[in-house]
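Notes to accompany the following structure.
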Amino acid sequence: MSVNRRALVMLVLLAVPASLAIAVWNGSVDIPSPRLLAALFGGGDAIDREILWGLRAPRALSAFACGALLALAGTLLQALLRNPLADPFLLGISGGAAAGSLTGMLVGAALALQHVFAFAGAAFAAASVFAFSLRPSGWNAYRVILAGVALSAGFGAVVSLLLSLAPAAQVHGMLFWLMGDLSGATNPLPAWIVLGITAVLAQFQAAPLDLLALGDDKARSLGVAVLAAQSITFGCASLATMAAVLLAGSIGFVGLVTPHLLRLLGVHHHRLLLPLSAATGGSMLTIADTLARSIQAPVGLPVGIVTALIGVPVLLVLLARMRG
Amino acid sequence: MIAARGLSIALADRALIQNLDIEIKAGECWAVLGRNGSGKSSLLLAMAGLRRPSAGEVRLRERSIGQWPRRELAKMVSIVLQDESADYWGSTLDYVMLGRYPRSRTAYSEDPALRNQALSLLGELDLDGHEAQPYRTLSGGERQRARIAQSLMQDTECLLLDEPLQHLDLKHQLAVMQALARRATAGRAVLMALHEPAMASRLCGHVILLYDSGRALHGRIAEMLTLNNLESLYQCRLEPADRSDIQVFVPR
Numbered sequence: 125m126s127v128n129r130r131a132l133v134m135l136v137l138l139a140v141p142a143s144l145a146i147a148v149w150n151g152s153v154d155i156p157s158p159r160l161l162a163a164l165f166g167g168g169d170a171i172d173r174e175i176l177w178g179l180r181a182p183r184a185l186s187a188f189a190c191g192a193l194l195a196l197a198g199t200l201l202q203a204l205l206r207n208p209l210a211d212p213f214l215l216g217i218s219g220g221a222a223a224g225s226l227t228g229m230l231v232g233a234a235l236a237l238q239h240v241f242a243f244a245g246a247a248f249a250a251a252s253v254f255a256f257s258l259r260p261s262g263w264n265a266y267r268v269i270l271a272g273v274a275l276s277a278g279f280g281a282v283v284s285l286l287l288s289l290a291p292a293a294q295v296h297g298m299l300f301w302l303m304g305d306l307s308g309a310t311n312p313l314p315a316w317i318v319l320g321i322t323a324v325l326a327q328f329q330a331a332p333l334d335l336l337a338l339g340d341d342k343a344r345s346l347g348v349a350v351l352a353a354q355s356i357t358f359g360c361a362s363l364a365t366m367a368a369v370l371l372a373g374s375i376g377f378v379g380l381v382t383p384h385l386l387r388l389l390g391v392h393h394h395r396l397l398l399p400l401s402a403a404t405g406g407s408m409l410t411i412a413d414t415l416a417r418s419i420q421a422p423v424g425l426p427v428g429i430v431t432a433l434i435g436v437p438v439l440l441v442l443l444a445r446m447r448g
Numbered sequence: 086m087i088a089a090r091g092l093s094i095a096l097a098d099r100a101l102i103q104n105l106d107i108e109i110k111a112g113e114c115w116a117v118l119g120r121n122g123s124g125k126s127s128l129l130l131a132m133a134g135l136r137r138p139s140a141g142e143v144r145l146r147e148r149s150i151g152q153w154p155r156r157e158l159a160k161m162v163s164i165v166l167q168d169e170s171a172d173y174w175g176s177t178l179d180y181v182m183l184g185r186y187p188r189s190r191t192a193y194s195e196d197p198a199l200r201n202q203a204l205s206l207l208g209e210l211d212l213d214g215h216e217a218q219p220y221r222t223l224s225g226g227e228r229q230r231a232r233i234a235q236s237l238m239q240d241t242e243c244l245l246l247d248e249p250l251q252h253l254d255l256k257h258q259l260a261v262m263q264a265l266a267r268r269a270t271a272g273r274a275v276l277m278a279l280h281e282p283a284m285a286s287r288l289c290g291h292v293i294l295l296y297d298s299g300r301a302l303h304g305r306i307a308e309m310l311t312l313n314n315l316e317s318l319y320q321c322r323l324e325p326a327d328r329s330d331i332q333v334f335v336p337r
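Going down the list, the protein sequences come from chains A and B. Numbering of the first sequence is given in my numbering, commencing with residue 125 and proceeding in unit increments. Numbering of the second sequence is given in my numbering, commencing with residue 86 and proceeding in unit increments.
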């Protein structure tokens, strides 16, 4: 591993605690650092402890898990589909979740039930794409993309229909959900569990994903169980996307940009690209969410706006500096 | 070592190969000649176990090729495909090291002995100094040699190559043919699809001629590469070049 590569790994790993600390240290209520430190170790003021452990920590951990899941899903899909434009929302999963979740809101379902609706929509979308893409001869990336785009368009129409049917009072909440919003994310545990499972499963696919870049036949001739590798990859990407969308709605850009960011910095092998993507995506979204709720505090902005505002210029600068 | 038994291959209901029986023994180097679309690539894919034949079977070490587990097969048979994706972002050395995947289970070994082996293969194919260069920035001919180096890195007893000489200049055509002939001399079985009968007659011992409508001739190269056979194979007029030791024909 070169010196530069090692420095990059260190930087990305340091960004994880740094971003979480920044997220926890900032909020609409200004708490001085000594009191926060006391609350962090279980002492200090009861209200401080409640703000730290009941509000800020869950929110920061939700943001991190969400960003990590989306970045992981994006990296997996870009490798699976051999397409640099692939992102977690290409598969129609977020569209399915949105249609489900908005239906839940419209019929006035309780929050927990809204999640069930969203999960059903997302699972339906993932299963449809899977069914359309699998042929006896094998997996077909072209079919995945077309089926995903078609389903996304269909769900987009359903979402528009639901928005036009919804009473005005509900539209604001729905729009926030659609733009991606972490203010309702209070329980990060399920997302972290999914993140743990998918990250480990994906890591076992790191070498096969490198070989799949050479083409299906070549990978097969080098001993890769191509269909199994592709199915596991698709499953991990779907699961990660679902967990992120259920936690925070459709937050764009993290999944598309994070892997490119790392590739432009010279990370190509998936055994390094996968974990670094997850760490970078998590840190980026944690920072973005801190900004989103600080810029106009106490009114929070949808975090999706901030990720785009930061991510687009960063990517363009790196692209301009790329050689070849 | 590797054999076709009653092998038939059809593509979109067109018979490419019918009832082919060949056996490539250890130490033999075979060429497949035929016009475009005559089934050379399909034959190689079937021999590699990547396409199911319409009838018959390919046998490797007296066992049907479909019965070998994928990874075991990858330790015994390598194939250089006619078209391979150039979408590999790593270095040329990393690309060659991928050939170790069937044996090491990681894509990139840090083992210095294996690294040296990869470097010496790059040297054998005249790619010294390119090891750190990104694979996708190599020229077409350099990339072709890197693909062959990767295949040699796989270190299999049976080497299949679909047009290994494409994109190569004369010097490197010879370098690749000699590298493959050395593998055959060392006891490997080599089968390659070629468009260069002269190269085949210089460095291969046997040849398969694939005609239209599934007909095929095969045998020792000295007996097979006759003016009549080649004229009917390529369907153009040829004349012998002025050589006494081997048969070379040039278009008239």
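Backbone N, C-alpha and C define an ideal beta-carbon position, used for all residues, glycine too.
Looking only at its own chain, which residues have a Cβ that is under 8 Å from the Cβ of A:Val-391, when we skip the five neighbours before and after it?
Arg-129, Leu-132, Leu-397 and Leu-400
Check: A:Pro-426 C-beta below 6 Å from any heavy atom of the ligand GTP:
Ligands displayed in this structure: none; no statement on the ligand GTP is therefore possible.
Along the chain, where does the beta strand (DSSP E) containing B:Ala-271 start, and where does it finish?
Looking at the DSSP string, B:Ala-271 is not in any beta strand (DSSP E), and its letter there is neither H nor E.
Pairing CB atoms from the region 250-270 of chain B with CB atoms from the region 197-205 of chain B, are three or more of them under 8 Å?
no
Determine the DSSP secondary structure at B:Gly-304, reduced to helix, strand or coil.
strand
Extent of the continuous beta strand (DSSP E) run through B:Asn-314:
Taken as a continuous stretch (DSSP letters only), B:Asn-314 belongs to no beta strand (DSSP E), being part of the alpha helix (DSSP H) at 312-319.
Taking B:Arg-155 as the reference, give the member of A:Ala-353, A:Val-273 and A:Ile-429 with the closest Cα.
A:Ala-353
For a contact defined as C-beta to C-beta under 7 Å, what are the partners of B:Ser-170 on chain A?
Ala-337, Leu-338 and Gly-339
So A:Ala-315 and A:Leu-371 are in contact, right, with Cβ under 8 Å, and what is the actual spacing, rounded?
5 Å
How would you call B:Lys-110, buried or exposed, if buried means at least 16 neighbouring beta carbons within 10 angstroms?
exposed
Just to confirm, are B:Glu-169 and A:Lys-342 a CB contact at a threshold of 7 Å?
yes
Going along chain A, which residues have a C-beta under 8 Å from B:Trp-174?
Ala-337, Arg-387 and His-392
Using Cβ-Cβ distances below 7 Å, what residues of the region 186-217 of chain B are close to chain A?
Tyr-186, Pro-187, Thr-191, Ala-192 and Tyr-193
Give me the DSSP bridge partner(s) of B:Arg-148.
B:Leu-145
In angstroms with no decimal places, state the Cα-to-Cα distance between B:Ala-285 and B:Val-333.
10 Å
Under 7 Å from the C-beta of B:Ser-163: neighbouring residues of chain A
Ser-345
For a quick check, are the C-beta atoms of A:Val-378 and A:Gly-191 less than 7 Å apart?
yes
Straight-line Cα distance separating B:Leu-178 from B:Leu-210:
13 Å
Determine, using beta-carbon pairs with one atom in the region 311-327 of chain B and one in the region 130-149 of chain B, whether at least three such pairs fall under 8 Å.
no
Can you round the beta-carbon distance between A:Gly-220 and A:Ala-246 to whole angstroms, since I take them to be within the 8 Å contact cut?
5 Å
Would you mind stating whether A:Leu-230 and A:Ala-292 have Cβ atoms separated by less than 7 Å?
no
Start and end residues, alpha helix (DSSP H) containing B:Glu-335
Checking the sequence shown, residue 335 of chain B turns out to be Val, not Glu. Per DSSP, B:Val-335 belongs to no alpha helix (DSSP H); it is in the beta strand (DSSP E), 334-336.
Selected residue, minimal CA-CA separation from B:Tyr-319, among B:Gly-119, B:Arg-99 and B:Ile-102
B:Gly-119
Helix, strand or coil: how does DSSP classify A:Trp-316 here?
helix
Using only CA atoms, which one of B:Leu-265, B:Ile-331 and B:Leu-245 lies nearest to B:Arg-287?
B:Ile-331
Taking a cut of 7 Å between CB atoms, which residues from the region 223-235 of chain A lie near chain B?
none
Residue closest to B:Ala-260, alpha-carbon to alpha-carbon, out of B:Arg-188, B:Leu-207 and B:Leu-92:
B:Leu-207
How many Å lie between A:Ala-402 and A:Trp-263 at the Cα?
26 Å
Would you identify the three-state DSSP class for B:Pro-325, choosing helix, strand or coil?
strand
How about B:Gly-351 and B:Leu-101: are their beta carbons less than 7 Å apart?
The structure shown does not extend to residue 351 of chain B, since chain B spans only 86 to 337, so no value can be given for it.
So, helix, strand or coil for A:Pro-182, using DSSP?
helix
Any C-beta of chain A under 7 Å from that of B:Ala-159:
yes
Between A:Ala-303 and the rest of its own chain, which residues show a CB-CB distance below 6 Å, the 5 nearest in sequence each way excluded?
One detail in the question is off: residue 303 of chain A reads as Met in this sequence, not Ala. Same-chain partners within the cutoff: Pro-426 and Gly-428.
B:Ser-194 to A:Ala-331 span [Cα, whole Å]
11 Å
Give me the Cα-Cα distance between A:Ala-416 and A:Ala-203, rounded to the nearest whole angstrom.
31 Å
Taking the Cβ atom as the reference point for each residue, do B:Met-161 and B:Glu-242 lie within a distance shorter than 7 Å?
yes
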